[in-house]
Ligand code: NAD
């Protein structure tokens with residue numbers, strides 16, 4: 027029977043359902059289970075921003091700390107029109123699990139602002155980020171909660187958060203964010219770390235399955251900070267990337283796509299769509315393609331009870347957070363598709379974020395040669 031939670035596609039209900047199932051499977055003590063069902067702290071803020079037109083718009087932002095038991099809370103900041111408190115709660119809880127899986131001394135957190143950055147000028151984005159930071163200042167800090175990039179945020183946004191926090195303290199505090207520019211104390215190797223971690227996990231999964239990456243047909247949803255790095259690295263390893271999609275649609279070429287050329291096209295027009303050596307496909311069509319490996323690297327709720335039965339991949343590696351609903355998970359399992367969950371597959375980002383935080387706290391910065399093997 028389909029549970030209500032699956033139909034409503036609420037990531038928080040999905041996360042709770044996953045927690046309940048695992049708690050039962052591992053005989054989790056009831057008081058711990060009960061505690062983990064509730065985020066430790068949540069903050070909803072109004073963010074008034076003077077727009078370039080001189081009008082004032084008020085945006086809504088969130089910061090949720092799911093757990094601060096293992097150490098400071100850690101998690102990205104997302105700018106997207108569809109951000110909701112329930113989405114941020116789910117992402118914060120998944121961060122707690124992710125940090126536990128890779129043994130980092132952090133609890134989980136997440137933040138977000140309901141906005142469409144594509145419609146904001148750089149100056150508006152800066153004012154929004156600085157005001158959001160001022161509003162969540164009471165929660166964040168190097169020993170309390172450390173934001174990082176997520177969907178539609180980047181090293182520039184982290185630099186604004188760090189600067190706003192530092193101005194408030196009266197001195198520079200690099201440890202308050204990770205994923206910042208290297209000149210401000212960011213870590214070498216952080217930028218591609220999530221994608222590199224996805225590929226590292228994928229190659230090890232293939233090794234476990236006694237298979238090689240050479241010639242494997244890969245379908246990829248999302249060509250942003252994570253997806254584009256995954257595509258580049260897999261291409262270098264000898265995989266054949268046959269399809270890539272973004273929010274406005276995708277491209278397909280059974281002979282394979284060259285990610286570097288696709289990126290050059292994206293830089294020119296803002297999307298992979300329209301790339302000359304491929305045909306257009308929709309996101310729904312992408313999930314129906316026959317392939318060896320499917321990598322969702324976009325957003326939540328992409329693989330659902332509606333499209334899971336059409337998936338023809340042998341292996342799914344979750345680069346995005348929460349791309350598969352719990353009911354879709356069951357369908358994929360019944361179909362015998364091997365899955366690598368998000369909390370393992372995309373943990374490379376938070377792992378190198380941890381290295382960045384340690385370097386910032388020590389004021390002692392490592393070379394890329396030192397960092398890359400540590401990610402493995
Ligand atoms: P990004 O903003 O750089 O890129 C997002 C990509 O997804 C873009 O190509 C966009 O067009 C596409 N997309 C968005 N909505 C879509 C939709 N409805 N259908 C199809 N495509 C869509 O974001 P990112 O940092 O690459 O993050 C991607 C995923 O990876 C997210 O789930 C994020 O939480 C997760 N993640 C990111 C990091 C990180 O370090 N950036 C770390 C761990 C997990």
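Residue numbers (the numbering used here): 27 to 402.
Quick reminder that beta carbons are idealized off the backbone N, C-alpha and C, glycines included.
Buried versus exposed, by CB contacts within 10 Å (16 or more), residue i
i: residue 336; result: exposed
i: residue 213; result: buried
i: residue 130; result: buried
i: residue 127; result: exposed
i: residue 95; result: exposed
i: residue 30; result: Its pLDDT being 44, under 50, residue 30 is placed unreliably in this model, and the value from its coordinates should be taken loosely. Classification for residue 30: exposed.
i: residue 314; result: exposed
i: residue 35; result: exposed
i: residue 386; result: buried
i: residue 308; result: exposed
i: residue 57; result: exposed
i: residue 288; result: buried
i: residue 41; result: buried
i: residue 347; result: buried
i: residue 227; result: buried
i: residue 149; result: exposed
i: residue 155; result: buried
i: residue 70; result: exposed
i: residue 72; result: exposed
i: residue 92; result: buried
Presumed contact (8 angstroms Cβ cut-off) between residue i and residue j, rounded CB distance
i: residue 224; j: residue 371; result: 5 angstroms
i: residue 124; j: residue 373; result: 5 angstroms
i: residue 378; j: residue 216; result: 5 angstroms
i: residue 259; j: residue 221; result: 6 angstroms
i: residue 88; j: residue 114; result: 5 angstroms
i: residue 301; j: residue 291; result: 5 angstroms
i: residue 188; j: residue 175; result: 12 angstroms between Cβ atoms; not a contact.
i: residue 255; j: residue 218; result: 4 angstroms
Residue interval of the alpha helix (DSSP H) (run including residue i)
i: residue 126; result: 111-127
i: residue 377; result: 374-388
i: residue 226; result: 219-234
i: residue 160; result: 148-162
Residue i CB to nearest heavy atom of the ligand GTP below 7 angstroms
i: residue 107; result: Looking for the ligand GTP in the displayed structure turns up nothing; the ligands present are the ligand NAD.
Extent of the continuous beta strand (DSSP E) to which residue i belongs
i: residue 320; result: 319-322
i: residue 266; result: 266-272
i: residue 314; result: From DSSP, residue 314 is part of no beta strand (DSSP E); its letter is neither H nor E.
i: residue 247; result: 243-247
i: residue 91; result: 82-91
Check your understanding: On the three-pair Cβ rule with 8 angstroms, is the region 236-246 touching the region 157-168?
Key -> For the pair of segments examined, the region 236-246 was found not to touch the region 157-168: the number of CB pairs separated by less than 8 angstroms stays below three.
Review point. Does the count of Cβ pairs from the region 285-305 and the region 265-275 closer than 8 angstroms reach three?
Key: Contact between the region 285-305 and the region 265-275 is present: 3 or more CB-CB pairs across the two stretches fall below 8 angstroms.
**Study point:** Validate contact between the region 137-147 and the region 44-61 using beta carbons, cut 8 angstroms, 3 pairs
**Key:** No contact exists between the region 137-147 and the region 44-61.
Practice item. Flag this pair as touching only if the region 355-366 and the region 175-183 have three or more C-beta atom pairs under 8 angstroms; answer yes or no. Key: Segments in contact, no.
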